[in-house]
Every structure is written in structure tokens, then in C-alpha cells.
Amino acid sequence: MSDTLSPPEVLRLTGHPVRWRLLNELARGDLQVRELTALVGQKQSLTSYHLGQLRAGGLVTMRRSSADKRDTYYSLDLATCRTLLMQAGAALHPGLRLIPAAPPPPQDGSAPLRVLFLCTGNSSRSQMAEALLRHLAGPRAEAASAGSAPKPLHPDAIRVMHERGLDMSAHRPKHLGEFTGRRFDRVITLCDRVREVCPDFPGAPETTHWSLPDPAAPDQGGYPAFVRTADDLTTRIRFLLHTLSV
Numbered sequence: 193m194s195d196t197l198s199p200p201e202v203l204r205l206t207g208h209p210v211r212w213r214l215l216n217e218l219a220r221g222d223l224q225v226r227e228l229t230a231l232v233g234q235k236q237s238l239t240s241y242h243l244g245q246l247r248a249g250g251l252v253t254m255r256r257s258s259a260d261k262r263d264t265y266y267s268l269d270l271a272t273c274r275t276l277l278m279q280a281g282a283a284l285h286p287g288l289r290l291i292p293a294a295p296p297p298p299q300d301g302s303a304p305l306r307v308l309f310l311c312t313g314n315s316s317r318s319q320m321a322e323a324l325l326r327h328l329a330g331p332r333a334e335a336a337s338a339g340s341a342p343k344p345l346h347p348d349a350i351r352v353m354h355e356r357g358l359d360m361s362a363h364r365p366k367h368l369g370e371f372t373g374r375r376f377d378r379v380i381t382l383c384d385r386v387r388e389v390c391p392d393f394p395g396a397p398e399t400t401h402w403s404l405p406d407p408a409a410p411d412q413g414g415y416p417a418f419v420r421t422a423d424d425l426t427t428r429i430r431f432l433l434h435t436l437s438v
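This note's numbering applies: residue 193 is where the sequence shown begins, and numbers increase by one.
In C-alpha cells:
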């Protein structure tokens with residue numbers, strides 16, 4: 193038997209300087225390949241190669257932009273990344289098994305963090321995100337949502353939240369114009385179209401993009417798409433809570 197063991201694949205993937213930089217950028221939000229190319233200071237061909245390596249390893253996913261099918265958005269699969277890194281630690285020594293940290297407790301007297309979720313219709317994605325953040329953060333955060341072209345709430349969005357114990361029946365669609373004069377700490381766009389028209393908000397809040405497909409789109413497969421969206425949002429928001437100073 194060999195006296196050496198091959199290191200976990202995740203260490204090879206994350207150990208390359210360009211790939212590590214790409215992961216750091218994607219940890220902040222979903223980005224297009226041209227944006228990543230500029231951020232890491234490499235040729236697009238090399239950036240695409242390393243993104244392909246990360247995709248093959250399951251750390252990064254890719255989807256076509258709903259605003260322009262010629263564009264592609266890349267996302268960091270945070271849950272998979274956490275699992276693989278936990279397994280890598282345990283492979284070296286049981287005492288190095290990583291345990292997911294709980295979100296930090298609220299600081300006494302601290303103001304709740306103000307988060308605005310935006311999508312086009314404010315009929316499913318952003319409304320679900322608003323409800324989930326309120327539920328998961330409690331008094332630590334204030335959540336709101338709006339759309340660039342509001343339309344009525346989708347019944348499947350209400351249904352999937354109801355199945356998770358959250359009541360959205362009293363929610364109403366809102367135009368982002370209702371919030372342009374308000375201050376937020378974080379503005380999160382959930383669809384590629386609204387990212388392009390997102391206005392500036394007072395106080396220069398931190399902006400993040402999560403490129404989520406519209407679960408109501410005909411090609412998404414109906415109600416199961418709303419379940420996938422709710423699962424994705426839950427994972428992202430749980431990780432978001434670790435980054436909020438609340």
C-alpha cells in the first residue's frame with residue numbers, strides 16, 4: 193500500500209490562484225464571464241477554462257441570462273463547496289471536520305439590517321425572498337421587495353411558501369419606484385433584466401446579484417420550479433445571514 197494518499201479533489205480545484213480568486217468573486221454574487229475576466233485580470237479564454245474546471249468539480253454552476261441569451265451567469269454552489277471542504281478536513285484528521293457556524297447573534301441595540309429584493313414582476317422570486325428573510329432573520333433584518341414591472345402574485349409562490357409555514361396571502365406587488373428614495377443596507381437583484389435597470393439608492397447600499405430563472409416561465413416546468421426557487425433562496429439567505437452585521 194502506498195504511504196501517500198491523493199489529496200481531495202476540492203483542494204486541487206481551490207488551490208489554484210485564479211480559481212481561488214474566481215470563487216472569492218462568486219461568493220459575493222452571480223457574475224457574467226466578462227465581469228469575472230475583468231476582475232481576475234486574465235484573458236477570457238483562461239477565465240473560461242478555470243470556470244470549466246470549477247463546474248466539472250461541482251463548485252460552480254452556469255446558466256444563460258434571461259436578459260440576453262448571449263450572456264452567461266456563473267454562480268458559486270455554496271452548499272456543495274461547504275460539504276466538500278468539510279469532507280477534505282475530515283479526510284486529513286477527524287479533529288479537522290468543519291462544523292457549519294450558526295449565524296451571528298444580533299448585537300444589543302443594533303439597528304436591523306435593511307434588505308431590498310428586486311425582480312421584474314415582484315410576483316414570485318422577490319416576494320419569496322422577502323418572506324424567507326423575515327422568517328430566517330427575525331428582528332435582525334427588515335426585508336422588502338419590488339419589481340420593475342409588477343404583476344399579481346403567482347398562486348404557486350403563495351402555495352410553496354404556505355407549505356413552509358409562511359403566509360404570503362397579504363403580500364402585494366410593488367413597483368421599485370416606491371423605494372427609490374429609501375435607504376437600504378443591501379439591494380439584491382434576483383433576475384437579469386432588473387439588474388440592468390436597477391436604480392441608485394441613497395447611501396450607496398451594497399448590491400448583489402442572484403441570477404435566478406423565473407419559476408413561472410413556460411420552460412421551467414410549473415410548480416416544481418417554485419420549489420427549486422424556494423430551496424435556492426433558502427440556501428442563499430442562510431449563507432447571507434453569516435455576512436450581515438446583525
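Ideal Cβ positions, reconstructed from N, Cα and C, are used throughout, including at glycine.
Exposed unless 16 or more other CB atoms sit within 10 angstroms - verdict on residue i
i: L218; result: buried
i: N314; result: buried
i: V232; result: buried
i: T372; result: exposed
i: L197; result: exposed
i: H285; result: exposed
i: G357; result: exposed
i: A333; result: buried
i: P342; result: buried
i: S267; result: buried
i: L432; result: buried
i: R289; result: exposed
i: D392; result: exposed
i: R211; result: buried
i: I380; result: buried
i: P209; result: exposed
i: D406; result: buried
i: A409; result: exposed
i: S258; result: buried
Inter-residue CB distance, residue i and residue j (contact presumed, cutoff 8 Å)
i: R255; j: Y241; result: With a Cβ gap of about 19 Å, R255 and Y241 do not count as contacting.
i: P200; j: A283; result: 6 Å
i: R390; j: L404; result: In the sequence as displayed, the identity of residue 390 is Cys instead of Arg. Actually they are not in contact, since the Cβ atoms of C390 and L404 sit about 15 Å apart, beyond 8 Å.
i: L161; j: D269; result: Outside the shown range of the chain, which is 193 to 438, sits residue 161, and nothing can be said about it.
i: A336; j: L308; result: 5 Å
i: V225; j: C311; result: Wrong, their Cβ atoms sit about 22 Å apart, outside the cutoff.
i: H367; j: A338; result: 6 Å
i: L243; j: L214; result: 7 Å
i: H401; j: D222; result: 5 Å
i: L205; j: L246; result: 6 Å
i: V202; j: A303; result: Actually they do not touch by this definition, with Cβ atoms about 38 Å apart.
Collapsed DSSP secondary structure at residue i in the structure displayed
i: P256; result: According to the sequence shown, residue 256 is Arg rather than Pro. Here R256 sits in strand by DSSP.
i: Q412; result: helix
i: P200; result: coil
i: L425; result: helix
i: S316; result: coil
i: L215; result: helix
i: R451; result: Missing from the structure shown is residue 451; the chain here goes from 193 to 438 and no further.
i: T272; result: helix
i: L404; result: coil
i: L284; result: helix
i: R226; result: helix
i: M193; result: Here M193 scores only 40 on pLDDT, less than 50, and its place in the model should not be relied on; the value that follows carries that caveat. Three-state DSSP puts M193 in coil, outside helix and strand.
i: A417; result: helix
i: R306; result: strand
i: T239; result: helix
i: T264; result: strand
i: T435; result: coil
- Task: Pick out the complete alpha helix (DSSP H) segments inside the segment 326 to 394, 4 residues or longer, and give them in chain order.
- Result: 347 to 354, 384 to 389
- Query: Does the segment 401 to 421 come within contact of the segment 343 to 362, defined as at least 3 CB pairs closer than 8 Å?
  - Reply: yes
- Meets three-Cβ-pair contact criterion under 8 Å: the segment 395 to 408 and the segment 371 to 385: yes
- Item | Validate contact between the segment 311 to 328 and the segment 422 to 438 using beta carbons, cut 8 Å, 3 pairs | yes
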